[in-house]
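Residue numbering for the sequence shown follows my numbering, starting at 25 and increasing by one per position. Think of the CB as a built atom: it goes at the ideal place given N, C-alpha and C, for glycine as much as any other residue.
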Amino acid sequence: GIQTDLDMLFAEEGEGDGSAFQYATEDVGEFAGRVDLLGRASYHVVVGNPPYITVKDKQENENYRAAFDACAGTYALSVPFAQRLFELALRGAGGASGGGGFVGQITANSFMKREFGKKLIEEFFTGGRTGIDLLRVIDTSAAYIPGHGTPTVVLVGRNRLPSSSSKVRAVLSNRGEPGEPPIPAEGLVWKAISRQFDTPGSDSDWISVDDVERLRFSSHPWSLGGGGKAQVKGMIEAVPRRLREKIELPIGRAIRAGSDDAFSRPRRHALHKSSDVEMMRPIVRGENVRDWGLSNLDFTWYPYAKDGTVRDGLQAELWPLRTLLAARRTFQGVMEDAGRAWWEYMQHTKSAYETPLSITFANVATHLHFTLDRGRKVFDAHAPVIKLPVGSTEDDFLGLLGLLNSSAGCFWLKQVCHDKGSQSGTGGFMHDEWERFYEFTGAKLQDFPLPARSPLAVARLLDSFAPAVKLELDALPESGSPTRSALEAARADISGARHRMIALQEELDWQVYGLYGLLSDADVARTVAHSPEPSTIPEVRLGERAFEIVLARQVAGSEVETVWFERHGSTPITEIPNHWPDWYRDIVQTRIDIINSRKDIALIERPECKRRWAGDSWEKKEKSALRTWLLDRIEEPSLWYALRDGIKQPRTLTVSQLADALRDDTDFNSVAQLYAADHMGKPDLPLANALADVVDAEHVPYLAALRYKDSGLRNREQWEKVWELQREEDRMGERLDIPVPPKYKGADFLRQSYWSNRGKLDVPKERFISYLGASPDADPTVLLGWAGWDHKDQAQALFNLVDDRTKQAGWDTDRIKPLLAGLLEVMPWVRQWHGEYDEEWEGVPADEYQAYFEELCAKHQVSEADLRAWRPEKTRAKKKAAPKETVPAEQPALGE
Numbered sequence: 025g026i027q028t029d030l031d032m033l034f035a036e037e038g039e040g041d042g043s044a045f046q047y048a049t050e051d052v053g054e055f056a057g058r059v060d061l062l063g064r065a066s067y068h069v070v071v072g073n074p075p076y077i078t079v080k081d082k083q084e085n086e087n088y089r090a091a092f093d094a095c096a097g098t099y100a101l102s103v104p105f106a107q108r109l110f111e112l113a114l115r116g117a118g119g120a121s122g123g124g125g126f127v128g129q130i131t132a133n134s135f136m137k138r139e140f141g142k143k144l145i146e147e148f149f150t151g152g153r154t155g156i157d158l159l160r161v162i163d164t165s166a167a168y169i170p171g172h173g174t175p176t177v178v179l180v181g182r183n184r185l186p187s188s189s190s191k192v193r194a195v196l197s198n199r200g201e202p203g204e205p206p207i208p209a210e211g212l213v214w215k216a217i218s219r220q221f222d223t224p225g226s227d228s229d230w231i232s233v234d235d236v237e238r239l240r241f242s243s244h245p246w247s248l249g250g251g252g253k254a255q256v257k258g259m260i261e262a263v264p265r266r267l268r269e270k271i272e273l274p275i276g277r278a279i280r281a282g283s284d285d286a287f288s289r290p291r292r293h294a295l296h297k298s299s300d301v302e303m304m305r306p307i308v309r310g311e312n313v314r315d316w317g318l319s320n321l322d323f324t325w326y327p328y329a330k331d332g333t334v335r336d337g338l339q340a341e342l343w344p345l346r347t348l349l350a351a352r353r354t355f356q357g358v359m360e361d362a363g364r365a366w367w368e369y370m371q372h373t374k375s376a377y378e379t380p381l382s383i384t385f386a387n388v389a390t391h392l393h394f395t396l397d398r399g400r401k402v403f404d405a406h407a408p409v410i411k412l413p414v415g416s417t418e419d420d421f422l423g424l425l426g427l428l429n430s431s432a433g434c435f436w437l438k439q440v441c442h443d444k445g446s447q448s449g450t451g452g453f454m455h456d457e458w459e460r461f462y463e464f465t466g467a468k469l470q471d472f473p474l475p476a477r478s479p480l481a482v483a484r485l486l487d488s489f490a491p492a493v494k495l496e497l498d499a500l501p502e503s504g505s506p507t508r509s510a511l512e513a514a515r516a517d518i519s520g521a522r523h524r525m526i527a528l529q530e531e532l533d534w535q536v537y538g539l540y541g542l543l544s545d546a547d548v549a550r551t552v553a554h555s556p557e558p559s560t561i562p563e564v565r566l567g568e569r570a571f572e573i574v575l576a577r578q579v580a581g582s583e584v585e586t587v588w589f590e591r592h593g594s595t596p597i598t599e600i601p602n603h604w605p606d607w608y609r610d611i612v613q614t615r616i617d618i619i620n621s622r623k624d625i626a627l628i629e630r631p632e633c634k635r636r637w638a639g640d641s642w643e644k645k646e647k648s649a650l651r652t653w654l655l656d657r658i659e660e661p662s663l664w665y666a667l668r669d670g671i672k673q674p675r676t677l678t679v680s681q682l683a684d685a686l687r688d689d690t691d692f693n694s695v696a697q698l699y700a701a702d703h704m705g706k707p708d709l710p711l712a713n714a715l716a717d718v719v720d721a722e723h724v725p726y727l728a729a730l731r732y733k734d735s736g737l738r739n740r741e742q743w744e745k746v747w748e749l750q751r752e753e754d755r756m757g758e759r760l761d762i763p764v765p766p767k768y769k770g771a772d773f774l775r776q777s778y779w780s781n782r783g784k785l786d787v788p789k790e791r792f793i794s795y796l797g798a799s800p801d802a803d804p805t806v807l808l809g810w811a812g813w814d815h816k817d818q819a820q821a822l823f824n825l826v827d828d829r830t831k832q833a834g835w836d837t838d839r840i841k842p843l844l845a846g847l848l849e850v851m852p853w854v855r856q857w858h859g860e861y862d863e864e865w866e867g868v869p870a871d872e873y874q875a876y877f878e879e880l881c882a883k884h885q886v887s888e889a890d891l892r893a894w895r896p897e898k899t900r901a902k903k904k905a906a907p908k909e910t911v912p913a914e915q916p917a918l919g920e
């Protein structure tokens, strides 16, 4: 425990087990004998840099809670250490008597805005007789600290009650370090802190220093924005209403599956495999919510009826994961202890789905992203839900949506929400403030200030454009055969819609400044178009907005450094575009004048508060869309079944055979040619070679030994034991004590694409099954099957391969053995799901398959142990040769 570790650390020589170490020059042992090193009120001065992480061990978590009453919620260790550092200092009488030890600490600033810091601030720092005298609060979150990714703050105080009339010296952040300084200690922010710290009232590009009323630091959250940010925040908060008064609390209502990988499926899975559309729904995650819309949604199994009750129907689909799902931990214990079925979510809020309209948002992002959803979706924890009272109209939602998506709204929320700093893996330093991620929580959002009116008209227009921009090329697979001319037309339409949205967002932002009283009615009239209809407002491209013109001029004048334009693929311009009509040029010029003359508006009209409109390049989107179109056509079920001995059976196809089967499909060939020419740079590429590229990352081998490394095979063995025990449970009708199987890691798979298709729970999400090493001798291309087959079809495909390779190609036992090993793996599932009489089959499929499997094993003189032990031969890694463009026999080039 904590105390035991501390006792051992400071044990004197000869005490304990004698393992405590000290250098010969140290007198720590003698000092520890005279002084209570970690006792309360032991020091005149205490300086510390606490750890910032959360406590993972459950018992240690409880130990900290018991020892430090400032701990609350999902606290970080910065909280108990902040309390302990002050407790180590001598306690003074406070007030006129003074006294008290000095304490200084540089610590994570997460407590300032996240909910777990409320108790530390309002009860420990300022709470009655136990309060401390906070002297200095220094915002160092914008300073450069090498190799450091957590935003920090410096706290200086004394362990005594404060004088009620005393003030707190606050060093507030205006702007972050613009570049990585060669000598970190000489960074511009650090130098500004050093130079200005003793000069209250001073203001620079980097920090502001002021002596502020102690009351400002007596309540949670703290906001340390300088340069007038507090004043602008106060003006926005001057409106009388708050969001909590307009909505139905709580904000959130997300599902908590407890094992997302178990329920999540690709979109095509919903189209091919779900017989009940209500059992599978699109799932909204935070990263799917961007720029007023939703995109790239996966699907998830949804085990609830319309009335919120749990539905049957998923037990078979999720059966392989039953033990793992049943062991999910809730506050009441495992799922059964909480009265929940093993196949349902750990948490499901019925009210989120009772009415169709919801506002959802990305709770971790660099900027605000809210959108209106119109029903039938599921929301995860990173896409919380806002509900209005029953009877609210769509316009009620859209009016609120306009305020939430405004630049003023973004400014306010960034003042009260936690800055998570860099998530790029490059440490705490970010070139620009707009790159920093924030956590936008429901607790903070419910205090969002609401003006008397909303920007409904322009919000309605932005919402109407969002689907046209966000669907983009996702719709291509359903809209016929894409051609180059059709793609270029789509690009023009989508780009035009996006430029209209950028222009309309500008209208909304400037209109909202007036709604919050930041601009007068006269100023609003000069900065907002009289009619926000799209036909009257010219298109605005990235780089052409008023704040971007101001920023480009500052860059040209060497006043600032930024990667804003480079990162967003836009061209910085210093003059208002000439192709706009005069009336709109006048509006933009007025906006520029206000930004240059009004510091309050300039604090909002800057990259960290303005919508980024970021996204992948058109070329990347087009490549993905064409590839998806081709893959969906390749997955057409009719390709993967054929008559064999007069019976419809699954059939395997090599890539070359697949190309032959698609040779007469004109649409497919034209799209493949387009893909090869424009996105592979090979206009004359044979169809088989193009297909090989398209399917390369979409298949997973049929046999465990071909999928996993040794570590993965050990995991698989444990899963197989779990499945056998689950089958025993089903046979006996009794609960067994089954261990929870281990999760997989990327390093367990032989290839990255296998891991990408399976994930940590090994859930099959691939499109195709690959039969590596089983292609005909004359055809070196990969042999594929369809992942949409059930287990009976998979077994039949393997039986057919064994028959073909032995009877037609004369393969010996060594070459047949992996196919038999594949049958050994699939047969338990055939017995499980096809073990009853089948009228169409006129028998029990599992019995017939098992008999034939045993016959084949006897014929090839192999035992089950032999099959389980089979491994592919290990080959030495060879120097990678340049790919050869070979055309399989009778295979024409694309376009011929």
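Query - Proximity below 7 Å, CB of ALA819 to CB of VAL868 - result: On the sequence shown, residue 819 is found 795 positions in, with the first residue counted as 1. On the sequence shown, residue 868 is found 844 positions in, with the first residue counted as 1. Not in contact: ALA819 and VAL868 (Cβ atoms no closer than 7 Å).
Query raised in the report: Anyone know if the C-beta pair for LYS191 and ASP157 falls short of 7 Å?
Result: Within the sequence shown, numbered from 1, the residue matching residue 191 stands at position 167. Within the sequence shown, numbered from 1, the residue matching residue 157 stands at position 133. Not a contact, by the Cβ cut-off of 7 Å.
Query raised in the report: Taking THR676 as the reference, which of GLU568, ARG829 and LEU749 has the closest Cα?
Result: As a first step, residue 676 is located in the sequence shown; it is residue number 652 there, counting from the start. When only C-alpha atoms are compared, the closest one is ARG829.
Query raised in the report: My guess is that LEU880 and LEU844 are in contact by the Cβ rule of under 8 Å, so how many angstroms apart are they, rounded?
Result: The residue labelled residue 880 in the question sits at position 856 within the sequence shown. The residue labelled residue 844 in the question sits at position 820 within the sequence shown. About 6 Å; that satisfies the 8 Å criterion.
Query raised in the report: Would the beta-carbon of VAL493 fall within 7 Å of that of ALA386?
Result: The residue given as residue 493 occupies position 469 in the sequence shown. The residue given as residue 386 occupies position 362 in the sequence shown. Taking 7 Å as the Cβ cut-off, VAL493 and ALA386 do not qualify as a contacting pair.
Requested in this report: Within the same chain, show all residues whose beta-carbon is closer than 8 Å to that of GLU643, passing over the 5 residues directly before and after it, in chain order.
Outcome: Position 619 of the sequence shown, counted from the first residue, corresponds to residue 643. Once the five neighbours on either side are set aside, the close Cβ partners of GLU643 are HIS703.
Report task. Consult DSSP for LYS191 and reduce its assignment to one of helix, strand or coil. Result -> Within the sequence shown, the letter at position 167 stands for residue 191. The answer is strand: DSSP assigns LYS191 an E or B state.
Requested in this report: Could you tell me whether the segment 284-293 touches the segment 263-276, using the rule of 3 or more Cβ pairs below 8 Å?
Outcome: no
Report task. Quick one: measure Cβ to Cβ for ALA407 and ALA278, integer angstroms, because I've assumed they're closer than 8 Å. Result -> Sequence index remark: in the sequence shown, residue 407 carries index 383 (1-based). Sequence index remark: in the sequence shown, residue 278 carries index 254 (1-based). Contact flag correct, Cβ pair sits at about 7 Å.
Requested in this report: Inspect the beta-carbon positions of GLU660 and ARG791 and report whether they are closer than 7 Å.
Outcome: On the sequence shown, residue 660 is found 636 positions in, with the first residue counted as 1. On the sequence shown, residue 791 is found 767 positions in, with the first residue counted as 1. Against a cut-off of 7 Å, the Cβ pair of ARG791 and GLU660 comes out as no contact.
Report task. Give me the Cα-Cα distance between GLN742 and MET756, rounded to the nearest whole angstrom. Result -> As a first step, residue 742 is located in the sequence shown; it is residue number 718 there, counting from the start. As a first step, residue 756 is located in the sequence shown; it is residue number 732 there, counting from the start. Going by the C-alpha atoms only, they are around 21 Å apart.
**Report entry** Short Cβ contact (7 Å threshold) for GLY809 with ASP772
**Finding:** In the sequence shown, counting from the first residue as 1, residue 809 sits at position 785. In the sequence shown, counting from the first residue as 1, residue 772 sits at position 748. Result no, Cβ atoms of GLY809 and ASP772 do not sit closer than 7 Å.
Query - Unbroken stretches of the alpha helix (DSSP H), 4 residues or longer, contained in the segment 228-288 - result: 253-260 and 284-287
Report task. Note down, in chain order, each residue of its chain lying with its Cβ closer than 7 Å to the Cβ of THR98, except the 5 sequence neighbours on either side. Result -> Here residue 98 corresponds to residue number 74 of the sequence shown, with the count starting at 1. Only THR78 and PHE140 meet the Cβ criterion.
Report task. Give the DSSP bridge partners of GLY445, in chain order. Result -> Numbered from its first residue, the sequence shown carries residue 445 at position 421. Answer is PHE461.
Query raised in the report: Within this structure, are the beta carbons of ARG199 and TRP230 separated by less than 7 Å?
Result: Numbered from its first residue, the sequence shown carries residue 199 at position 175. Numbered from its first residue, the sequence shown carries residue 230 at position 206. Taking 7 Å as the Cβ cut-off, ARG199 and TRP230 qualify as a contacting pair.
Query raised in the report: Can the beta-carbon of TYR168 be found closer than 7 Å to that of GLU210?
Result: Indexing the sequence shown from 1 puts residue 168 at position 144. Indexing the sequence shown from 1 puts residue 210 at position 186. No; because the gap between Cβ atoms is not below 7 Å, this pair is not in contact.
Report task. Please look up how many angstroms separate the CB atoms of SER680 and ASP803, rounded, as I've assumed it's under 8 Å. Result -> What you label residue 680 is simply residue 656 of the sequence shown in a count that begins at 1. What you label residue 803 is simply residue 779 of the sequence shown in a count that begins at 1. Confirmed, Cβ separation roughly 5 Å.
Query raised in the report: Among PRO842, TRP853, PRO800 and GLU860, which has the Cα closest to the Cα of ALA833?
Result: Working through the sequence shown from its first residue, we reach residue 833 at position 809. Closest by alpha carbon: PRO800.
Query raised in the report: In whole angstroms, what separates the C-alpha of THR174 from that of ALA714?
Result: As a first step, residue 174 must be located in the sequence shown, where it is residue number 150. As a first step, residue 714 must be located in the sequence shown, where it is residue number 690. Near 46 Å, if we compare the C-alpha coordinates of ALA714 and THR174.
Query - Status (buried if at least 16 other CB within 10 Å, exposed otherwise) for HIS68 - result: Residue numbering aside, residue 68 sits at position 44 when the sequence shown is read from its first letter. Label assigned to HIS68: exposed.
Query raised in the report: With respect to the beta strand (DSSP E) encompassing TYR665, which residues constitute its N-terminal and C-terminal limits?
Result: On the sequence shown, position 641 is the one that residue 665 refers to. That run of the beta strand (DSSP E) goes 665-668.
Query raised in the report: Which residue spans inside the segment 375-410 form an unbroken beta strand (DSSP E) run of at least 3?
Result: 382-385 and 394-397
Query - Three-state secondary structure assigned by DSSP to GLN27 - result: Sequence index remark: in the sequence shown, residue 27 carries index 3 (1-based). With a pLDDT of 43 at GLN27, under the threshold of 50, the predicted position of this residue should be treated as unreliable, though the coordinate-derived value follows. Three-state DSSP puts GLN27 in a helix.
Query raised in the report: How is LYS672 classed by DSSP in three states: helix, strand or coil?
Result: Here residue 672 corresponds to residue number 648 of the sequence shown, with the count starting at 1. Of the three classes helix, strand and coil, the one that applies to LYS672 here is strand, per DSSP.
Query raised in the report: Which of helix, strand or coil does DSSP assign to HIS372?
Result: Translated into the one-based positions of the sequence shown, residue 372 becomes position 348. Of the three classes helix, strand and coil, the one that applies to HIS372 here is coil, per DSSP.
Query raised in the report: Ordered along the chain, which non-local residues of its own chain (more than five positions away) have a Cβ less than 6 Å from that of ASP471?
Result: Counted from its first residue, the sequence shown places residue 471 at position 447. Correct list, in chain order: ARG266.
Query raised in the report: Is the segment 102-116 touching the segment 415-424, taking contact as three or more C-beta pairs under 8 Å?
Result: no
**Report entry** For PRO290 and LYS768, the rounded distance between their alpha carbons
**Finding:** By one-based count along the sequence shown, residue 768 stands at place 744. By one-based count along the sequence shown, residue 290 stands at place 266. Checking the sequence, you will find Tyr at residue 768 rather than Lys. Answer to the nearest angstrom: the Cα atoms are 20 Å apart.
Requested in this report: For my contact list, GLN439 and LEU486 are in at a C-beta cut-off of 8 Å; report their separation, rounded to the angstrom.
Outcome: The residue you call residue 439 lines up with position 415 of the sequence shown. The residue you call residue 486 lines up with position 462 of the sequence shown. 24 Å between Cβ atoms; not a contact.
Query raised in the report: Do you know how far the Cα of ASP786 is from the Cα of ALA91?
Result: As a working note, residue 91 is residue 67 in the sequence shown. As a working note, residue 786 is residue 762 in the sequence shown. Looking at the two C-alpha atoms, the distance is approximately 42 Å.
Query - Residue from PRO206, ILE130 and ALA365 whose Cα sits closest to the Cα of VAL178 - result: Locating residue 178 in the sequence shown gives position 154, counting from the first residue. Among PRO206, ILE130 and ALA365, the Cα nearest to that of VAL178 is on ILE130.
Requested in this report: Determine, using beta carbons only, whether TRP5 and ALA490 come nearer to each other than 7 Å.
Outcome: Residue 5 cannot be examined here, being either before or after the span of the chain that is shown, 25 to 920.
**Report entry** Backbone CA spacing between TYR326 and ASP754 [nearest angstrom]
**Finding:** As a first step, residue 326 is located in the sequence shown; it is residue number 302 there, counting from the start. As a first step, residue 754 is located in the sequence shown; it is residue number 730 there, counting from the start. If I take the Cα positions, the gap works out to 24 Å.
Query raised in the report: Taking one C-beta from the segment 551-561 and one from the segment 516-536 each time, how about it: are there three or more such pairs within less than 8 Å?
Result: yes
Query raised in the report: From ALA570 to LYS623, what does the alpha carbon distance come to, in whole angstroms?
Result: Position 546 of the sequence shown, counted from the first residue, corresponds to residue 570. Position 599 of the sequence shown, counted from the first residue, corresponds to residue 623. Going by the C-alpha atoms only, they are around 15 Å apart.
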